Amino acid sequence: MPSCYPSVYVLVAQVLDTFGNLVTQRIQNTAAEKSYVVSVLLQKGIDAADELIPSESVEACYNWFLKISSICELIPRVCIELSLLNCFRFMAKKARVVSEEVIRRLAMQIRGIADPLVAAHLRWYLCTRAMVALVRPGWATKSGLDQAVVDTLEALEHLDPALLEKLQNKHNMGRMDYLDLFIPALQWQMDTILRYGDANWPNYQPLLRNVVSIIVENLNSPACLLLCVWRAFPAAVLLSCYSVEELLSITFRSFPSRLVSRLKLMEALCLSLADLSEVPLARAQRLAFLKAAWDYVEEERCRRSSVGTEGVAPPAPKQGLAGELIGVCGAMMQFCANHVGFKQVNVFLGLVQDIICDVKMLENEKSLEAVKASLFGMLSALVSVVNPLLLLESEHVVTLLQQLASGDRRRLMFVFLRQFVSGALGAGSLFSPFAMKTVFRLCKIFHDDLINVVSFEELQEGTKVVENVFLLLLKRVGSLEDALQLMCDARHHLSRFDSIKIISVNRALGLAGRFAAGCAEGKKHDETRALLMFSIVTIPAVTDLIQRFHLLALSSGMALRSGMIVIGEAALEFALEGLETYRSSCSGKDEARKRSQEESDIADVAVHLLELGVATPAKGEHLYAVRRLLNWSAGFDWMPCSIPCVHISLSALRLMTRALQGRFLSFPFCQTEHYGKDPAFVESCVALSLEATHQLQRWIEASCHVSTKSELATDLSTTAIEIFETLAIFDNKDPPLGPALTTLVCAAWRAANAWAIMSGSLEVSRHILRTARFVQEVVGTSVFEEISLH
């Protein structure tokens with residue numbers, strides 16, 4: 000049944016390939032059993048010499064080809080011989096390697112097949128098997144496959160009228176419908192010739208003229224056959240034989256079929272011309288070509304309402320025409336992008352938008368989906384050839400992208416935004432305000448489409464692309480007001496991306512820090528306040544609690560440094576309240592590992608806040624933030640032998656000692672640099688130092704009673720060494736604090752040695768020795784004398 004093609008060909012080809020591979024493998028195994036050298040050569044695809052090939056393998060090959068010769072029917076004989084082409088290498092030297100003459104002989108035998116459809120598909124199979132068996136350059140031309148194409152076309156010249164009548168009566172298939180079945184086979188043959196044939200393009204001119212002459216003059220210009228020519232032959236070859244006007248004329252006078260209309264033929268011609276690096280036409284000729292092409296498209300759009308020619312498929316419905324028009328517009332846009340200019344591309348984008356509006360008026364959901372598929376193909380091809388910055392200048396791009404299905408739009412916008420970032424623009428390109436608004440709208444649409452993403456990897460990639468685009472936009476804004484407006488829009492429209500909010504806050508704090516010197520002189524005070532207020536308002540929207548705490552600490556420090564005490568205290572208060580209500584959320588697989596990482600992160604936040612709490616202005620009492628942090632650490636549900644909690648207490652102890660010595664952070668906070676002279680401040684420092692000391696003492700006592708593994712003992716010993724070294728260097732002999740520190744130093748030294756023994760680590764022992772020598776060099780032997788007394 001003709002309508003089963005090319006499906007029946009695919010099935011038969013797979014069966015023949017399987018049969019040929021089995022026979023080849025059988026003969027190869029026979030040869031390998033007799034000769035190891037032949038086995039290695041054949042596995043690498045190298046033909047062995049005559050004297051190496053075992054006689055059994057040669058005899059097996061002869062037997063197979065003798066069996067093939069005994070087949071009387073032509074079609075089975077040709078099919079079997081084609082499937083066994085690779086077996087030629089096992090025969091005698093003169094016939095072992097498949098040569099061009101073998102392919103030419105088989106092509107001549109196919110001429111004897113009466114059915115043109117069967118003959119065309121056998122030539123298709125001949126090309127596929129020859130591609131595997133032949134490797135020498137130019138083999139397609141030398142083996143006469145170009146003549147096989149002519150044979151296929153000449154067979155169509157002499158179609159039996161009885162066959163056409165039978166097709167019409169029995170299968171309701173007209174002549175043009177029958178010719179549609181030849182498209183895959185003929186296209187494959189032509190592509191094989193152009194790819195594996197002669198490398199000299201001018202040598203294809205006679206073949207092209209012969210093929211076009213047969214199709215146009217003898218076959219009445221069927222569009223389905225011309226489509227194979229436009230697709231297969233490069234535009235350089237087409238233009239070397241015909242002018243653009245002649246190619247257009249052939250296209251306009253072609254006879255459409257059910258599968259291939261003149262619009263599809265026009266699309267193929269435009270795509271072929273667009274692929275040229277340089278069209279040998281003046282600009283006026285290019286514009287004339289575009290005008291003639293679009294005039295015909297408009298004429299075809301109006302005239303497609305009725306076609307009464309016998310043997311032609313019924314007219315395509317309006318929605319099918321819309322898809323073809325979109326395809327033609329896409330091809331013309333590629334031609335314009337490469338050879339004319341973006342102004343014409345933008346005109347065609349507007350026309351595509353009008354076409355889609357017409358289809359929407361039909362209210363046909365199925366037809367609209369088909370149009371969306373055509374639109375996706377058009378935009379995908381356009382993105383690959385047009386500078387993204389030029390597309391951003393078009394007012395139609397966003398509207399057309401919104402017409403796509405969510406999945407297609409997401410994939411296309413990912414490619415477009417990645418190309419936008421990856422250097423397609425150039426380092427010195429300028430952004431117009433309209434382009435910046437357009438790319439931000441695209442980011443918003445992409446952000447909304449990512450809600451349907453299931454793959455975590457795809458979500459990460461999409462988020463990363465939007466981050467890069469946002470950073471690029473921030474670098475190109477011209478003023479502080481524009482930057483602040485962009486960050487506010489991102490906070491509102493890209494709300495599901497935590498990273499965008501984090502980038503915005505960090506950029507705002509960076510700008511505020513740039514203005515900090517100006518604030519001291521009374522300048523740019525309003526700008527700094529606006530940036531800090533943006534940060535304070537944006538941070539609560541960050542869903543990652545650890546990141547939120549860090550950002551609040553940064554905002555508080557920047558505000559205090561800029562003299563904006565109220566904003567700084569508010570940010571610090573938000574961070575403290577959040578930290579005090581924080582609870583561990585780890586559960587499920589690897590709970591211990593996740594819990595350990597979570598405690599390490601939260602301890603980093605607390606240490607960051609401690610640095611601010613030391614220099615924060617008094618609010619009812621000095622160092623109220625440090626006291627709250629120590630109280631929180633004492634009441635938090637730490638894991639047994641948790642090391643992060645030690646870092647908090649030890650950091651607080653370091654900071655208190657620095658404060659008692661009149662040293663604060665690397666930069667002074669407004670209104671706090673003279674607190675070291677206040678007796679109340681000194682008293683608070685001593686009290687909090689004692690509290691931190693007691694917390695460290697309790698941690699050592701609690702950890703000593705826990706059975707430990709060697710790895711944990713190593714970490715505990717290292718932490719105890721850190722406590723010992725820090726407190727020994729302080730060498731604080733003040734009456735309120737000295738005894739407590741001495742007791743803690745002794746406990747830390749004993750615990751470090753005990754845990755070092757449990758760990759069995761030589762590196763830990765060496766660490767203890769290095770620490771002891773360093774402490775002795777700095778403060779002398781008094782520390783160790785006190786340890787011996789305790």
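Everything in the sequence shown is counted per numbering that gives the first Met the number 0, starting at 0 for the first residue and increasing by one.
We treat Cβ as the ideally placed atom computed from N, Cα and C, and that holds for glycine.
Just so we're clear, the structure is a prediction, and the values are computed from it rather than from any experiment.
Would residue i be called buried (16 or more neighbouring beta carbons within 10 Å of its own) or exposed?
| i | result |
| --- | --- |
| D179 | buried |
| A106 | buried |
| I444 | buried |
| T780 | exposed |
| S665 | For S665, the pLDDT reaches just 44, beneath the cut-off of 50, and the residue's location in the model is therefore unreliable, leaving the point undetermined. |
| P313 | Here P313 scores only 43 on pLDDT, less than 50, and its place in the model should not be relied on; the value that follows carries that caveat. Its Cβ having fewer than 16 others within 10 Å, P313 is exposed. |
| A129 | buried |
| Y195 | buried |
| D150 | buried |
| V9 | exposed |
| N168 | exposed |
| A161 | exposed |
| I566 | buried |
| M56 | Looking at the sequence provided, one finds Ser at residue 56 rather than Met. Result: buried. |
| S431 | exposed |
| Q612 | For clarity, residue 612 is Gly in the given sequence; the question names Gln instead. Buried is the call here. |
Alpha helix (DSSP H) containing residue i: first to last residue?
| i | result |
| --- | --- |
| F439 | P432 to D448 |
| W63 | S54 to S68 |
| K33 | S6 to K33 |
| H492 | L479 to H492 |
| D543 | Looking at the DSSP string, D543 is not in any alpha helix (DSSP H), and its letter there is neither H nor E. |
| N199 | Counting along the chain, N199 falls outside any alpha helix (DSSP H), and DSSP gives it neither H nor E. |
| A511 | D497 to R513 |
| Q775 | L761 to V778 |
| W807 | As shown, the chain starts at 0 and ends at 789. That puts residue 807 outside it, with no answer to give. |
| C78 | L73 to S82 |
| S688 | P678 to C703 |
| L391 | P387 to L391 |
| K169 | P160 to H170 |
| A623 | According to the sequence as given, residue 623 is Tyr; it is not Ala. Run containing Y623: Y623 to G634, per the alpha helix (DSSP H) assignment. |
| D145 | L144 to E156 |
Compute the distance between the beta-carbons of residue i and residue j, then report whether it is under 8 Å.
| i | j | result |
| --- | --- | --- |
| L378 | L391 | no |
| R122 | A184 | yes |
| C86 | W63 | yes |
| L471 | V420 | yes |
| A511 | M486 | no |
| I102 | T140 | no |
| S82 | L15 | yes |
| A727 | V763 | no |
| V215 | L152 | no |
| L284 | V243 | For the record, residue 284 in the displayed sequence is Gln; it is not Leu. Going by C-beta atoms, Q284 is nearer than 8 Å to V243. |
| A292 | M265 | yes |
| T615 | L652 | no |
| I647 | T718 | no |
| F251 | Y295 | yes |
| L246 | A330 | no |
| S405 | N451 | yes |
Measure from the alpha carbon of residue i to the alpha carbon of each residue in the options, then state which is nearest.
| i | options | result |
| --- | --- | --- |
| G376 | Q204, V358 and L403 | L403 |
| E368 | A380, C227, A321 and V397 | A321 |
| S373 | V351, S383, G326 and S393 | G326 |
| C745 | I566, I756 and I699 | I699 |
| E620 | A633, L152, P678 and D159 | P678 |
| R769 | A753, P616, L622 and F723 | F723 |
| D353 | I112, C328, L449 and F89 | C328 |
| Q146 | Q108, D114 and L163 | Q108 |
| A574 | E466, A605 and K359 | A605 |
| P639 | V685, L649, H704 and A617 | H704 |
| D525 | A602, L483, E568 and T537 | L483 |
| A529 | A119, F783, A751 and S561 | S561 |
| T742 | L689, A712 and V774 | L689 |
| L449 | M412, L324 and L736 | M412 |
Would you mind giving the Cβ-Cβ distance between residue i and residue j, rounded to the nearest angstrom? I have them listed as a contact below 8 Å.
| i | j | result |
| --- | --- | --- |
| Q343 | L289 | 7 Å |
| D274 | A336 | Their Cβ separation, rounded to whole angstroms, is 12 Å, which puts D274 and A336 out of contact at 8 Å. |
| A755 | S716 | 5 Å |
Determine whether the Cβ of residue i lies closer than 8 Å to any Cβ atom of chain B.
| i | result |
| --- | --- |
| I720 | Considering every chain present, this structure includes no chain B. It has just one protein chain. |
Residue i: beta carbon under 7 Å from a heavy atom of the ligand ADP?
| i | result |
| --- | --- |
| T23 | With respect to the ligand ADP, the structure offers nothing, as it holds no ligand at all. |
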